[in-house]
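Residue numbering for the sequence shown follows my numbering, beginning at -9 and increasing consecutively.
Working notes for the structure below.
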Amino acid sequence: MSRFVIALGVGLVLVSVTTLEAFAQAPGVVVYPAPPGEALSKDFSVTVAGQPAPVYVCRVSAMPFNQVWPGYQRPIDQTELASFVYWDMSAPVDVDVVSNRPIESVAIRPTARDIKPQIEGNHIRFHLDKPQQLTVEVNGWHKALHLFANPPAPAIDRNAPGVRYFGPGVHKAGRMVLKSDETVYLAGGAVVYGCIEATDATNIKILGPGILDSSELERYFGITDESKYLDNFGGSIHLVRCTNVTIDGPVLRDPPLWCLSAFNCSEIQIVHTKLIGLWRYNADGIDLCNSRNAAVRDCFVRSFDDSLVVKGLSYYKDVPISNILFEGCVVWNDWGRALEIGAETATPELSQVTFRDCDVVRTAEIAMDVQHGDRAFIHDVTFEGIRFEVDDVNYSPQIQNGRDATYTGQTGYCPRNLVLVILRGAWSSDQERGTMRNIVVRDCSITGKLLPPSSLSGFDETHDVKGVTISNLKINGKVAQSLEEASIHVGQFVSDVRIESGN
């Protein structure tokens, strides 16, 4: 039995050892068989256009209980198993989800997709007219099912020079180092154990709908060993000083810390990439650090730390950050911030960063955050069309003080919507503070019984926040007409804050 299956423990079934030939396909739909020995879910089964689709498992956080890296990995008893399934589609499909638990309630997120399922017995049936990423929650958010309906997989010539092709099946690839003009292709039905790294590479690609599983990697250095941060940062995909990078389609599962990170890179395209099974300490989603001209589109991230992030790190403190776009993404944040700039902002200038048309289906602490901890001149940041779903009951994030400490599970808590702050914090490396200018929050919405608060605050008269425009902020469909109505607190060293109807 593989290490992966041992780590997951109970609650699994194994795929029988059968042929890896593709299932019979319906027009416009491609479902890939799971490889022999791969653990499958006991909680759900799924058919897509009448075809059975394998439902995989991943470990996720079961509670917002965290600590700064203590030198050992997070205990399994703070986690649970979730399920996920993927397929390719170029035509509308009918999906039938069967829950192996009696159904008391069903939620399909993002709720903005307005998918109304038919529920009959243990069957949850619905129609999808286009590729998208969804989550089905039965009787609450625990043990959720994540669905990844992909567009057709990118084509590849497996015999072309520079192509590393992983076909259907299980592969023990280990640490893969990409050089310029190389491509890694993860075929549907492939589960590749390992990680991908590249340094000073140009024209590299990571393609295909298969799974890159990093569960066998160990986090083998302490957080205080700064000399090893960049070279050994781990994760599933790790890029340093790379140019012209395309990542299209893979599932990234169970990294030992930051999942997909880029340091001083430029011309980056990340699309249709799914990050799942992030439960370990510092399991960030996508971190773009001191990088430029990058776009992250139509991705899914469920992370146990900040999800979609722009950072300025001290290793490249003289490298500016500009022209970063996150668009059309779905985020489930189990700890920290969903959409974030910071907390490290060690760069002379950070500008033209946009988060657009994203769904935050859940966040532990903050949906939209600019946590400015260093000297940067931050300006022209836009949050546009962000949809924030707030649960009726939320469990308060709690720091674990000691190995034997237990989570108390306190409720009566509400995460925050928007935070803009200049501070000297635990992750600050610059002695000087910076400023923040021209922050736009446009056409965003909040849904739920609770109203999440927001706050804006500068550092001092010189290091301040100026020029914040909040336009057409809807709370359960109603446009907020005042800061008070939107529960936005404006603190010290903040000026020129406007809230508009946007009509």
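Glycine included, each C-beta is placed from N, C-alpha and C at the ideal position.
Out of A102, S281, V430, the CA that lies nearest to the CA of D370 is found in V430. Around the beta-carbon of A43, 16 or more other beta-carbon atoms lie within 10 Å, marking it buried. Counting only the Cα atoms, D104 lies some 20 Å from E374.
The three-state reading of DSSP puts Q68 in helix, counting H, G and I together. For G318, there is no enclosing beta strand (DSSP E), as DSSP marks it with neither H nor E. Contact between V455 and L410 holds, since their C-beta atoms are separated by about 6 Å, short of 8 Å. Cβ-Cβ separation between L440 and D382: approximately 7 Å, consistent with a contact (criterion under 8 Å). Per DSSP, the unbroken beta strand (DSSP E) holding A163 starts and ends at 159 to 168. Under the three-state reduction of DSSP, A336 is assigned to coil, being neither helix nor strand.
Taking S304 as the centre and dropping the five residues before and after it, the same chain places the C-beta of A336, S419 closer than 7 Å to its C-beta, in chain order. Three or more Cβ pairs drawn from the region 457 to 464 and the region 481 to 491 lie within less than 8 Å of each other, which places the two stretches in contact.
Distance between W77 and P23, taken at the CA atoms: about 10 Å.
Distances from the CA of E330 to each of S226, H113, G448, I368 were compared; the closest alpha carbon is that of I368.
As the crow flies, the alpha-carbon of N313 is around 14 Å from that of G302. Looking at the DSSP output, F294 sits in a beta bridge with A273.
An exposed status is given to S95, since fewer than 16 other beta-carbon atoms sit within 10 Å of its beta-carbon. DSSP places Y46 inside the beta strand (DSSP E), whose first and last residues are 46 to 51. Note on geometry: alpha-carbon atoms of S472 and C319 lie some 29 Å from one another. Judged by their CB atoms, W248 and D277 are nearer to each other than the 8 Å cut-off. When C-beta atoms of the region 187 to 194 are compared with those of the region 114 to 134, fewer than three pairs fall below 8 Å, so the two segments do not count as touching.
Of all C-beta pairs linking the region 80 to 93 to the region 108 to 119, three or more are shorter than 8 Å, placing the two stretches in contact. Annotation: Y271 to K464 spans about 34 Å, alpha carbon to alpha carbon. Closest by C-alpha distance to G178, out of S205, P17, Y46, is Y46. For C348, there is no enclosing beta strand (DSSP E), as DSSP marks it with neither H nor E. D119 sits exposed, since fewer than 16 C-beta atoms from the chains shown fall within 10 Å of its C-beta. For A43, the secondary structure class from DSSP, reduced to helix, strand or coil, is strand. Going by beta carbons, V286 and L242 fall outside the 8 Å limit. Cβ neighbours of I356 within its own chain (closer than 6 Å, five residues either side excluded): R327, R406, V409. If you draw a straight line from the Cα of D295 to the Cα of A163, it is about 27 Å long. N391 is classed as exposed because its beta carbon has fewer than 16 other beta carbons within 10 Å across all chains shown. For G267, the closest of S293, I258, V261 by C-alpha to C-alpha distance is S293. Classified as exposed, I66 has fewer than 16 neighbouring CB atoms from the shown chains inside 10 Å of its CB.
Cβ neighbours of T236 within its own chain (closer than 6 Å, five residues either side excluded): K195, Q259. G492 sits close to V469, with the two beta carbons spaced by under 8 Å.
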